[in-house]
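To keep things clear, I will list the structure first and then write my remarks on it.
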Amino acid sequence: MITPPEINWLAILPLLVLGLGAAVVLLVDVQWKPAPGRLNFLAVVILGLAALGTGAQGWWLGRHEAGEVTGSPLPFGGMVVIDRYAIFAGLLLVTVAALGVGAGARFFESLGRRAAEGLALLLLSTSGFILLASTTQMVMMFLGLEIGSISLYVLAGFSRQEPRSEEAAIKYFLLGSFASAIFVYGVALVFAGTGSLDLLDHRTLLDREIILRPAVLLIGLGLVVVGLAFKVTAAPFHAWAPDVYQGAPAGTVGFMAALAKVGGFAALARVLVTGFESYIGTWGTVVAAMAVLSMLLGSFLAVVQSDFRRLLAYSGVAHAGFILTGVVAGTSGVGSIWFYLAVYAIQLVGAYAVVAAVSGAASAGSPLASYAGLARRQPLLARALTILLLGMAGIPLTSGFIAKFGVFQDAFRAGFGWLVVVAMVASVVSFFIYLRVIVAMYMQEPEGTEALSVSRPLRVVLVAAIAVTLVLGLFPIPLLRLTAISLPL
Amino acid sequence: MNLGDWISQPVNWVFTLLALASAYSGVRVVTSQNVIRAALFLVGALASSAGLFLLLSAEFVALTLVLVYIGAVIVLFLFGIMITRAPLGRDVALDHKRRAPAAITSIILFAVLSWASIRAFAGREVTGVGDATDTRLLGEALLGRFVVPFEVVSFLLLAALIGGITLARKDLSPAEEEAREAT
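These protein sequences, in sequence, are chains Z and L. Numbers given in the working numbering equal positions in the first sequence, counted from 1, plus 5. Numbers given in the working numbering equal positions in the second sequence, counted from 1, plus 16.
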C-alpha cells in the first residue's frame with residue numbers, strides 16, 4: 006500500500022493556475038471561438054490570478070515567519086520552496102508575461118485561430134520559469150528550464166510568413182537543447198560528487214567540508230553554470246541570441262528574452278549562492294571572467310549592428326555581464342541582481358514592443374534605417390523608446406542608473422574593483438550605442454511618411470515601462486527595500 | 017586487483033564486450049553518412065547501455081531503456097525518416113569539414129570526465145551493486161517523494177504537444193477556414 010503524499014496546494018498554486026489556464030485558453034478557443042483580442046484578455050486575467058496565488062504565498066510566508074501558522078516552507082519533501090526569492094521571481098515573471106501579452110497583442114490577433122496555442126505556450130513558459138525559480142532541487146530546476154524553454158522555441162518559429170523566423174526557431178531549439186543537455190550532465194555530476202540533488206544539502210555538506218569528490222563536483226557545477234549562462238545569453242554562450250532575437254516574431258521577442266533572463270538568473274544565483282557560496286573563491290573568478298567577456302563583447306559588437314533587434318540582443322549580452330557583476334558578490338549581491346533584473350526585463354519588453362509597432366508584429370528583422378525620423382512619424386513611440394534606451398544606458402535619474410550602481414557597488418565591496426572598472430568602460434560604450442538610435446530618431450529624415458498607429462495594449466505596456474524607468478529612477482526606495490529582502494532560503 | 021583476477025571474472029569479459037560495442041556504435045552514429053544506418057547504430061549503442069545496466073542489476077532501468085528508447089523513440093525516428101521524403105541513401109551533406117576540432121573537443125571532454133571519475137571513485141569499492149532494484153520502491157518514490165516532478169512532467173509534455181502540432185499543422189487560408197466551418 007502506497008501512502009499518498011501530503012499535498013500543499015498553496016506551494017503549487019501559481020503553477021496550477023498557469024497550467025490549467027493554458028488548458029482553459031485552448032478549450033475556450035475551441036468551444037466559443039472568441040475574437041482574438043478577448044483571448045489576450047483571458048490570458049492576462051489568468052496571469053493576474055497566478056500573481057494572486059504568488060501573493061497568497063507571500064502572505065502565508067509572512068504569517069509563517071511571525072509564527073502564526075505552522076507548516077514547512079519546503080513542502081513535498083523540499084521539492085518546492087516558498088521563500089521571498091521565489092515569490093519575488095514569480096511576481097516579476099508574471100508581470101513580464103502580462104506585459105508581453107500586451108506587447109504581442111497585435112501579433113496574437115494576427116494569428117487567427119492559432120492565437121490560442123501561442124497564448125497557451127506563453128502561459129506554460131511562464132509556469133516553467135516560475136518553477137525554475139522556486140525550487141532548490143536540481144531535478145525540478147531542469148524540468149522548469151525545459152518547460153520554459155520548449156515553449157519559447159516554438160514561439161520563436163510561430164510566424165509562418167518569415168523563413169528567418171523558422172531559422173531562428175531551429176537555431177534556438179538545437180543550441181538550447183544542447184545547453185539543456187549540458188545542464189543535466191552537470192546535475193548528474195553534482196549528484197555523483199555529493200550524493201544529493203538538493204542545494205540546501207550541498208550547502209550543509211560544503212559547510213562541514215565533507216565533500217567526497219570535489220573534482221567531480223566542480224566539473225558538474227561548471228556544466229550547470231554553462232547551461233544557465235546559455236539561457237541568460239552570457240558570453241561566450243551568447244552566439245544564438247542575435248539571430249533568434251532578430252528572426253523570431255517581433256511581438257514575442259520581448260517576453261521571450263525577458264522571461265529567459267529572469268528565470269535563468271534566478272536559477273543561476275540560487276545555485277551559486279544557496280548551494281555553493283563557500284566555493285565563491287573558485288567560481289567567483291570564473292563568473293567575473295564571464296562578466297567581463299559579456300560586457301565587452303556585447304557592448305562592442307552592438308556598436309557595429311545595423312539591425313535594431315540585433316543591437317538589442319548584443320546589448321542584452323552586455324546587460325547579462327552587468328548582472329553577473331552582481332553575482333560575484335554572493336548573497337550580498339542578490340538584492341541588486343533582482344533590482345537590475347526587474348528594471349531591465351520590463352524595459353526590454355517595452356523596447357521590443359516599440360520594435361513590433363515599427364516593423365510589424367510578425368516581422369523578422371528591424372533595420373536601424375526604419376527608425377530614422379521616428380519622432381516625426383510617431384512622436385509617442387520615439388519618446389517612449391528614448392526614455393527606455395536612456396534607462397538601459399543607465400543615465401542618472403532613471404532606474405537603470407540605480408540598477409547599475411547597485412551591482413557595481415556590490416562587486417566593489419566583494420573585492421572586484423577591476424571588474425567595476427571594466428563595467429564602467431562597457432557602460433560608456435553602450436551609452437554610445439543607444440545614443441546612436443536616439444539621434445537617428447530625432448535628427449534624421451524619415452524614410453516613409455505614413456504615421457504608425459499605437460494600439461491600446463501597446464500604450465499600456467509603454468506607459469508601464471516608462472513608469473518603471475522614470476518613477477523608480479526618482480523613488481527607488483520601495484523596490485530597493487523589497488529586493489533587499491528577496492533572499493533565497 | 018591484478019590482471020589474473022580481472023580475467024578470471026566473467027563479468028569483466030561481458031563488461032568489456034558491451035563497452036566496446038557501445039563505443040563502436042556511438043562512433044558510427046556520428047560518422048555514418050546514412051541516416052537510417054546512424055539510427056540503427058543508435059539502437060546498438062542503447063542496447064549495449066541497457067546491457068551495462070543489467071550488469072549492475074538495474075533490470076528495471078535496462079528494460080525501460082529497451083522499451084522506451086529502442087521500442088518507441090528509435091522506431092518513431094525511423095518512421096519519421098521513411099514517411100517524410102528524406103533521402104534514404106548516402107548523404108554527403110551529413111558530413112562536414114570540421115572533424116578535427118570536433119575530435120579534439122570530444123577527446124578533451126573524455127579526458128576530463130575520465131580523470132574526474134577515476135579520481136573520484138578509484139580505490140573505493142562501490143558496494144550494493146548486486147542488489148536488485150525494487151520496482152515497488154521506484155513506484156513509491158515516484159508517487160511519494162517525487163510526486164511534484166512526476167506531475168510537472170505533464171506540463172512539459174503538454175507544451176511539447178502544443179508546439180509540435182502548431183509547427184507541423186498546415187495553415188488554412190481564411191477562405192478554406194470558412195468552407196470548413198460551413199460543413
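For glycine and all other residues, C-beta sits at the position ideal for the given N, C-alpha and C.
Close Cβ partners of residue i (< 7 Å) along its chain, the five nearest in sequence each way excluded
{"i": "I285/Z", "result": "G335"}
{"i": "M84/Z", "result": "T140, Q142 and M145"}
{"i": "S1/Z", "result": "What the structure shows of chain Z is the stretch from 6 to 494, and residue 1/Z is not part of that stretch, so it cannot be assessed."}
{"i": "L15/Z", "result": "A61, Q62 and W65"}
{"i": "G42/L", "result": "A61"}
{"i": "V465/Z", "result": "G107"}
{"i": "L467/Z", "result": "G355, A358 and A389"}
{"i": "S283/Z", "result": "L211 and D212"}
{"i": "F147/Z", "result": "F188, V189 and V192"}
{"i": "A1/Z", "result": "Outside the modelled stretch of chain Z, which goes from 6 to 494, sits residue 1/Z, for which no answer is possible."}
Among the options, nearest to residue i - alpha-carbon criterion
{"i": "V363/Z", "options": "V278/Z, A387/Z and V267/Z", "result": "A387/Z"}
{"i": "A37/L", "options": "L58/L, W22/L, P26/L and L172/L", "result": "L58/L"}
{"i": "R381/Z", "options": "V292/Z, Q449/Z and A102/Z", "result": "Q449/Z"}
{"i": "G269/Z", "options": "P241/Z, V231/Z, F480/Z and V249/Z", "result": "V231/Z"}
{"i": "F497/Z", "options": "G280/Z, L402/Z, V427/Z and Y319/Z", "result": "This structure leaves residue 497/Z out entirely; chain Z is present only between 6 and 494."}
{"i": "F327/Z", "options": "V308/Z, F410/Z and S311/Z", "result": "F410/Z"}
{"i": "A5/L", "options": "E167/L, G60/L and S64/L", "result": "Outside the displayed range of chain L (17 to 199) lies residue 5/L, so it cannot be described from this structure."}
{"i": "L136/Z", "options": "V164/L, V45/L and R135/L", "result": "V164/L"}
{"i": "L21/Z", "options": "A48/Z, P9/Z and G58/Z", "result": "G58/Z"}
{"i": "L24/Z", "options": "S48/L, A195/L, A184/L and I178/L", "result": "Rather than Leu, the amino acid found at residue 24/Z in this sequence is Gly. It is I178/L whose Cα lies nearest to the Cα of G24/Z."}
{"i": "E455/Z", "options": "L494/Z, V430/Z and G378/Z", "result": "G378/Z"}
{"i": "V116/Z", "options": "L211/Z, L385/Z, A102/Z and L160/Z", "result": "Contrary to the premise, residue 116/Z reads as Leu rather than Val in this sequence. Closest by alpha carbon: L160/Z."}
{"i": "V29/Z", "options": "I392/Z, R418/Z and L52/Z", "result": "L52/Z"}
{"i": "A271/Z", "options": "A419/Z, A294/Z, F183/Z and L492/Z", "result": "L492/Z"}
{"i": "A294/Z", "options": "I92/Z, F163/Z, G105/Z and P241/Z", "result": "P241/Z"}
{"i": "G191/Z", "options": "R165/Z, V309/Z and L222/Z", "result": "L222/Z"}
{"i": "I392/Z", "options": "A350/Z, V426/Z and Y439/Z", "result": "Y439/Z"}
{"i": "V278/Z", "options": "Y250/Z, L329/Z and Y319/Z", "result": "L329/Z"}
Residues near residue i in its chain [Cβ-Cβ closer than 6 Å; skip 5 each side]
{"i": "G256/Z", "result": "G109, F112, A361 and A366"}
{"i": "N28/L", "result": "W22"}
{"i": "A27/Z", "result": "A125, L128 and L129"}
{"i": "A347/Z", "result": "L97"}
{"i": "W340/Z", "result": "The sequence as given places Gly at residue 340/Z; Trp does not occur at that position. Answer for G340/Z: T488 and A489, listed in chain order."}
{"i": "N50/L", "result": "R106"}
{"i": "A133/Z", "result": "The residue you asked about is not Ala; residue 133/Z is Gly in the sequence shown. Closer than 6 Å at Cβ, skipping near neighbours: G149, I152 and G153."}
{"i": "D206/Z", "result": "none"}
{"i": "A325/Z", "result": "V237, T238, A239 and S299"}
{"i": "E167/Z", "result": "A369"}
{"i": "A66/L", "result": "A78, L81 and V82"}
{"i": "L273/Z", "result": "L233"}
Status (buried if at least 16 other CB within 10 Å, exposed otherwise) for residue i
{"i": "A296/Z", "result": "buried"}
{"i": "E70/Z", "result": "exposed"}
{"i": "N45/Z", "result": "buried"}
{"i": "V152/Z", "result": "Checking the sequence shown, residue 152/Z turns out to be Ile, not Val. I152/Z comes out buried."}
{"i": "T199/Z", "result": "buried"}
{"i": "N18/L", "result": "exposed"}
{"i": "K176/Z", "result": "buried"}
{"i": "D203/Z", "result": "buried"}
{"i": "V476/Z", "result": "exposed"}
{"i": "W343/Z", "result": "buried"}
{"i": "T151/L", "result": "exposed"}
{"i": "F260/Z", "result": "buried"}
{"i": "D34/Z", "result": "buried"}
{"i": "L233/Z", "result": "buried"}
{"i": "W288/Z", "result": "buried"}
{"i": "R119/Z", "result": "buried"}
{"i": "M429/Z", "result": "exposed"}
heavy atom of the ligand SAM below 7 Å from residue i C-beta
{"i": "S304/Z", "result": "In the structure shown, the ligand SAM is absent, as is every other ligand, since no ligand is present at all."}
Beta-carbon proximity list for residue i, same chain, < 8 Å, skipping 5 on both sides
{"i": "S337/Z", "result": "D415, R418 and A419"}
{"i": "E500/Z", "result": "Residue 500/Z falls outside the range modelled here, since chain Z spans only 6 to 494, and no answer is possible."}
Open item on the list: Restricting to runs no shorter than 4 residues, where is the alpha helix (DSSP H) found entirely within the stretch 93-140 of chain Z?
Closed with: 110-115 and 120-138
Task: Three or more C-beta pairs below 8 Å linking the stretch 323-341 of chain Z and the stretch 370-379 of chain Z - done: no
Open item on the list: Below 8 Å, how does it come out for the stretch 427-443 of chain Z and the stretch 301-314 of chain Z: are there three or more Cβ pairs, yes or no?
Closed with: yes
Open item on the list: Does the stretch 65-74 of chain L come into contact with the stretch 89-102 of chain L, if we say contact requires no fewer than three beta-carbon pairs (one atom in each stretch) closer than 8 Å?
Closed with: no
- [ ] Answer yes if the stretch 181-191 of chain Z comes into contact with the stretch 217-231 of chain Z, meaning at least three C-beta pairs across the two stretches below 8 Å, and no otherwise.
- [x] yes
- [ ] Could you pull out every unbroken alpha helix (DSSP H) segment of at least 4 residues lying fully inside the stretch 389-428 of chain Z, listed in chain order?
- [x] 404-418
TODO: Write down every uninterrupted run of the alpha helix (DSSP H) in the stretch 353-377 of chain Z whose length is 4 residues or greater and which is fully enclosed by it, in chain order.
DONE: none
TODO: Tell me the start and end of each unbroken alpha helix (DSSP H) in the stretch 38-121 of chain L that is at least 4 residues and wholly inside, in chain order.
DONE: 51-71, 75-80 and 91-99
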